[in-house]
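Novice: Mind looking over this structure? Questions follow.
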Amino acid sequence: MTDAIATAPPSAPKVTPFLLAGLVALSEFAVTAYIPAITIIADGLGVRTEIVQTTVSLGLVTGALAGLVVGAIADSMGRRQLLFPALGLYIVGSIFAAAAPSIAWLFIGRVCQAVGACAGIILSRAIARDLHSGSQLTRLLSAVTLVFSLAPAVAPLFGGLLAAWLGWRAIFAFAASYGCVVFAGMLLLPETKTTPAAPINVKAIFATYKNILTSRSFIVPNLVAAALIASMFAFLVSVAPIFVKGLQLSPALVGCFPAVAVCGTILGASLARWTATRVQPATIVRVGSLIALASSIAMAWIPVSAPYLLGTITFFCLGCGLALPVTVAMAMTDFGDRAGAASALLGAIQSIGGTIGASMVALIGGSIYSAMPAAMIAGSVVALTFSLSLRLVATAQKYAREPA
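The following block contains the structure:
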């Protein structure tokens with residue numbers, strides 16, 4: 001089945017970017033809301049901080065694996081058929097985590113959250129690709145990035161404040177409530193998959209994934225994105241040890257810090273949206289990767305203090321906000337009839353990148369003040385290297401010629 005014989009996509013409501021952003025923000029909220037309270041959760045459940053930190057990696061790995069199944073089913077059955085069960089699972093997982101009497105129950109809740117959230121991310125990208133292609137897809141994804149960029153700011157802020165006022169369990173209770181709001185909002189969005197439903201063929205699914213993974217137009221920009229996300233997660237998992245334990249700041253105050261850093265992401269995404277029809281995609285990605293690398297190097301040299309670290313990470317987020325929407329659009333462009341599978345693989349590779357980034361800080365060892373920037377520099381170097389690849393240039397040229 002190809003786009004050529006598909007019917008035209010339905011007209012989407014004007015609030016579509018906000019609906020898709022709310023869907024994507026589920027994952028951001030699940031990952032970042034409880035990060036300022038990791039040490040409090042560890043004390044509350046009577047376990048080491050490192051064990052609670054592993055729930056971050058667990059969620060990423062679970063989401064990556066589950067996403068491969070979700071993407072394939074979405075291409076066969078449609079988007080809405082999976083969307084609402086996934087949101088329900090996210091809500092249930094949040095409730096499990098909120099009521100967790102032990103670390104084991106927290107792990108179970110995080111797994112359920114991860115599966116539901118990964119479906120939200122995959123389906124949001126697939127829906128965006130159903131509706132647009134080329135530079136228009138970049139513009140939509142940039143608009144989504146603008147809105148969901150608020151999630152890493154709002155989620156830790158709420159998480160830190162809720163942990164200080166009501167205890168860490170309130171964080172997951174809020175996540176369940178937010179899931180209910182998104183569930184209600186998605187009722188406004190029609191089915192966007194225009195090709196007829198087809199039986200699920202396991203052999204065809206594997207063939208589709210193989211075809212996508214061997215496509216240069218998919219893998220190269222996706223590797224850039226995965227490397228940048230690895231750098232970002234190296235910072236995220238270091239927030240509590242550096243700011244709470246190291247600098248002796250309260251979780252509530254630390255929860256406010258991402259609100260400052262996310263300004264960089266919003267500015268970067270705004271620039272990506274504005275330059276989508278004016279600048280070659282490869283150039284945008286290179287500039288974003290270069291900004292991320294320069295910021296990571298600066299972080300290794302600046303004094304260890306909250307203002308310096310926040311200023312540097314804000315510039316890092318600007319680079320990511322500039323590059324990431326473009327890399328996603330480039331990776332998705334050639335796979336309109338397999339948008340679910342492409343989105344699933346994109347999410348899986350990026351989740352692997354996040355897992356590597358979250359683990360690199362511990363693997364590097366030594367002082368976290370040197371391990372964190374070292375991990376961020378490594379990820380940024382990989383991103384810049386792939387962004388300079390001739391394959392990426394060829395991909396960008398092909399993408400730029402596609403009609404909007």
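The working numbering puts the first residue of the sequence shown at 1, with every later residue one more than the last.
For every residue, glycine included, the Cβ atom is placed at its ideal position computed from N, Cα and C.
1) Tell me which residues share the same chain as residue 20 and place their Cβ nearer than 7 Å to its Cβ, disregarding the 5 neighbours each side in the sequence.
2) From the DSSP output, in three-state form, read off residue 209 for me.
3) Can you tell me which of 339, 325, 384 and 231 puts its alpha carbon nearest to the alpha carbon of residue 373?
4) Nearest by alpha-carbon distance to residue 97: which of 86, 88 and 112 is it?
5) From residue 305 to residue 38, what does the alpha carbon distance come to, in whole angstroms?
6) Could you give the DSSP three-state label for residue 222: helix, strand or coil?
7) Measuring straight from C-alpha to C-alpha, what distance separates residue 91 and residue 180?
8) Rounded to the nearest angstrom, how far is the Cβ of residue 64 from that of residue 347, given a contact under 8 Å?
9) Let me check understanding here. Comparing Cα to Cα, which of 140, 114, 343 and 253 lies closest to residue 157?
10) Thinking C-beta only, is residue 33 closer than 8 Å to residue 212?
11) So what does DSSP say about residue 38, is it helix, strand or coil?
12) Taking the alpha-carbon positions, what's the residue 26 to residue 59 distance?
13) So, helix, strand or coil for residue 276, using DSSP?
14) Applying the 10 Å Cβ sphere with the 16-neighbour rule, what's the burial state of residue 222?
15) How many whole angstroms separate the CB atoms of residue 215 and residue 334, which I take to be in contact at a CB cut-off of 8 Å?
16) Suppose you measure from the CA of residue 325 to the CA of residue 319; what does that come to, to the nearest Å?
17) Among 294, 315 and 224, which residue has its Cα nearest to the Cα of residue 281?
Specialist: Let me spell this out:
1) 124, 127, 128 and 144
2) helix
3) 231
4) 112
5) 21 Å
6) helix
7) 7 Å
8) 7 Å
9) 253
10) no
11) helix
12) 12 Å
13) coil
14) buried
15) 7 Å
16) 11 Å
17) 224
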